[in-house]
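Undergrad:
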Amino acid sequence: RIVLDYMFNVSQVIGPNLLGKVGIETIVLNAHRAEFRLKERKELLTQTSNVVQALKADFGVQLDANAERILVIDETGQPIDSYCLQALFIRLHLKKYIGQSIVVPVMAPDILKHIAEEAGGHLIYSKASSRSLMECAQKPDVIMAVHDGRFIFPRFHAGFDGIMAIAQLASLLEEEQLPLSTLMKAI
Numbered sequence: 011r012i013v014l015d016y017m018f019n020v021s022q023v024i025g026p027n028l029l030g031k032v033g034i035e036t037i038v039l040n041a042h043r044a045e046f047r048l049k050e051r052k053e054l055l056t057q058t059s060n061v062v063q064a065l066k067a068d069f070g071v072q073l074d075a076n077a078e079r080i081l082v083i084d085e086t087g088q089p090i091d092s093y094c095l096q097a098l099f100i101r102l103h104l105k106k107y108i109g110q111s112i113v114v115p116v117m118a119p120d121i122l123k124h125i126a127e128e129a130g131g132h133l134i135y136s137k138a139s140s141r142s143l144m145e146c147a148q149k150p151d152v153i154m155a156v157h158d159g160r161f162i163f164p165r166f167h168a169g170f171d172g173i174m175a176i177a178q179l180a181s182l183l184e185e186e187q188l189p190l191s192t193l194m195k196a197i
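Encoded structure:
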């Protein structure tokens, strides 16, 4: 079970239907246009965190207007830093797809390289532009590209996809059979 906060950006409200088709129960927040002043990001984050905890959800996600960028909140209500989330995705994906590669921007922290090598994979460095990341993600052994809360899964399609990232995270958590907060402690 996840909590999905659209943050009053309703251009992508198909997410719960897509996630439901792969067996992910989704509780939706703020999936309407606001007729009033939009809440501050911090207030929305607090709201999402509180709902995740109250419903004992596996995790929560705030999705940007283009459904490209995600901010993840663990089951305890704690937001996860985008670099830490990238590290988790890298570790778990390369554990599953040994010997494969993941594209990151050149300014990615060095620890990501260590995590990738430890998991039996490789990083490919790219310029930080969306175009460069997308182009590098098309190389044959690449399973993912990541940058600042945005994820590309080239075997699915060539662009950033927050809904796919949510589905991937739910799948990885199911495979690991551990809460997100526990997995994050290992990062």
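Taking this note's numbering, I'd label the letters of the sequence shown as residues 11 to 197.
Glycine included, C-beta positions come from ideal geometry on N, C-alpha and C.
(1) Per the contact definition of three or more C-beta pairs closer than 8 Å, is the stretch 167-176 in contact with the stretch 111-130?
(2) Going by beta carbon distance, what residues of the same chain come within less than 7 Å of Y93, once the five residues before and after it are set aside?
(3) Excluding the 5 residues flanking L183 on each side, which residues of the same chain have their C-beta closer than 7 Å to its C-beta?
(4) Out of curiosity, what's the CA-to-CA distance linking S139 and R79?
(5) Check for me: the beta strand (DSSP E) holding Q96 runs from which residue to which?
(6) Please classify A64 as buried or exposed, where buried requires at least 16 other C-beta atoms within 10 Å of its C-beta.
(7) Helix, strand or coil: which one does DSSP assign to Q72?
(8) Would you identify the three-state DSSP class for V152, choosing helix, strand or coil?
TA: On the basis of the coordinates in this document:
(1) no
(2) Answer for Y93: P119, listed in chain order.
(3) Excluding sequence neighbours, L183 sits near D68 and L190.
(4) 14 Å
(5) Judged by DSSP secondary structure, Q96 falls outside any beta strand (DSSP E) and instead within the alpha helix (DSSP H) spanning S92 to K106.
(6) exposed
(7) strand
(8) Looking at V152 - three-state DSSP - the assignment turns out to be strand.
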